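Numbering (this note's numbering), first residue to last: 976 to 1209. Take a look at the structure set out below.
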């Protein structure tokens, strides 16, 4: 049965319209009447973008489904799976280009068989064959794992990825950036601080990033809005 949530305070809504929300305001918005929040979000969208909608024609290319991780929510990984060859990856990218794609998202699991040298070869090959395709690839987790496997620092790995042609880093493996939550749902993934440090290093290397959020499990509302990643990616 639906229980009506409290009305969002007017001063909180006013600050939201002015772009001056505090962390406390954000929590009040999440805890308040959802329909008021939806209306506010729609108004802010209209102010920012009007009725203009944009999109990117993209294809996901999953290099491998082999993964040594133990994330409780994943139905994709397997310890006995596949790893695409460079030729197979190029073919998938070519098919995407013919279909009108302007970007490919390249990622997979993390496995010792896919080290940083392998990823560098993938990026270099894709950029050489399809220089006009935006290469949106790898997650902070994959970069950390592959860098460690190859015996190099995350910073060096990102610099080499940028030189090889990586345009942007994916925001996956963020889930909820709370170590309490991460220890429950994805204990083998990098910590919150490692994720933030990797994204910061990517920015310093000239690589743009985004961030994903996965909610509806063991997180609390207060953990959905996290100020540091929001500030970092703004």
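Ideal Cβ positions, reconstructed from N, Cα and C, are used throughout, including at glycine. Model, not experiment: these values are computed from the prediction.
Worksheet item: Does the region 1083-1101 come close enough to the region 1119-1128 to have 3 or more Cβ pairs within less than 8 angstroms?
Response: At 8 angstroms Cβ cutoff, the stretches touch.
Practice prompt. Would you kindly work out how many angstroms separate the C-alpha atoms of residue 947 and residue 1053, rounded to a whole number?
Written response: The first residue shown for the chain is 976 and the last is 1209, placing residue 947 beyond what the model contains.
Worksheet item: Mapping DSSP to helix, strand and coil, what is residue 1035?
Response: Here residue 1035 is taken as the residue at index 60 of the chain shown, counted from 1. Residue 1035 falls in the strand class under three-state DSSP.
Worksheet entry | Segments assigned beta strand (DSSP E), at least 3 residues, entirely inside the region 999-1060 | At a cut-off of 3 residues, the continuous stretches assigned as beta strand (DSSP E) that sit fully inside the region 999-1060 are 1033-1037.
Worksheet item: Which same chain residues, not among the five before or five after residue 1007, have their C-beta less than 7 angstroms away from its C-beta?
Response: As a first step, residue 1007 is located in the chain shown; it is residue number 32 there, counting from the start. So the list reads 980, 981, 982 and 983, once near-sequence residues are dropped.
Discussion item. At the level of alpha carbons, what is the spacing between residue 1155 and residue 994?
Written reply: In the chain shown, counting from the first residue as 1, residue 1155 sits at position 180. In the chain shown, counting from the first residue as 1, residue 994 sits at position 19. Straight-line spacing of the CA atoms in residue 1155 and residue 994 works out to 30 angstroms.
Discussion item. I believe residue 1057 touches residue 1040 by the beta-carbon criterion, under 8 angstroms. Please report the beta-carbon distance rounded to the nearest angstrom.
Written reply: Here the question's residue 1057 lines up with position 82 in the chain shown. Here the question's residue 1040 lines up with position 65 in the chain shown. Indeed, because the Cβ distance is near 6 angstroms, the residues count as touching under 8 angstroms.
Discussion item. To the nearest angstrom, how far is the alpha carbon of residue 1158 from that of residue 1173?
Written reply: The residue labelled residue 1158 in the question sits at position 183 within the chain shown. The residue labelled residue 1173 in the question sits at position 198 within the chain shown. Whole-angstrom Cα-Cα distance: 19 angstroms.
Item to complete: Within the same chain, show all residues whose beta-carbon is closer than 6 angstroms to that of residue 1183, passing over the 5 residues directly before and after it, in chain order.
Response: In the chain shown, the residue the question calls residue 1183 occupies position 208. If the five residues before and after residue 1183 are omitted, its C-beta is found closer than 6 angstroms to the C-beta atoms of 1143, all from its own chain and listed in chain order.
Worksheet item: When the Cα of residue 1081 is compared with those of 1075, 1109, 1073 and 992, which residue comes out closest?
Response: Stepping through the chain shown from its first residue, residue 1081 is reached at position 106. Distances from the CA of residue 1081 to each of 1075, 1109, 1073 and 992 were compared; the closest alpha carbon is that of 1109.
Fill in: Boundaries of the beta strand (DSSP E) in which residue 1136 is found, first to last residue
Here residue 1136 corresponds to residue number 161 of the chain shown, with the count starting at 1. Residue 1136 -> not in any beta strand (DSSP E); alpha helix (DSSP H) instead, spanning 1129-1139.
Worksheet item: Taking 7 angstroms as the line, does the beta carbon of residue 1083 fall inside it for any heavy atom of the ligand GDP?
Response: Within the structure as shown, the ligand GDP is missing, as the structure has no ligands at all.
Worksheet item: Mind pulling the alpha helix (DSSP H) runs of 4 or more residues that sit fully within the region 1058-1110?
Response: For the region 1058-1110, whole alpha helix (DSSP H) runs of length 4 or above, ordered along the chain, are 1061-1073 and 1091-1104.
Discussion item. Using a 10 Å radius around the Cβ and a threshold of 16 neighbouring Cβ atoms, would you call residue 998 buried or exposed?
Written reply: As a working mapping, residue 998 is identified with position 23 in the chain shown. The residue is exposed, with fewer than 16 neighbouring Cβ atoms inside 10 Å.
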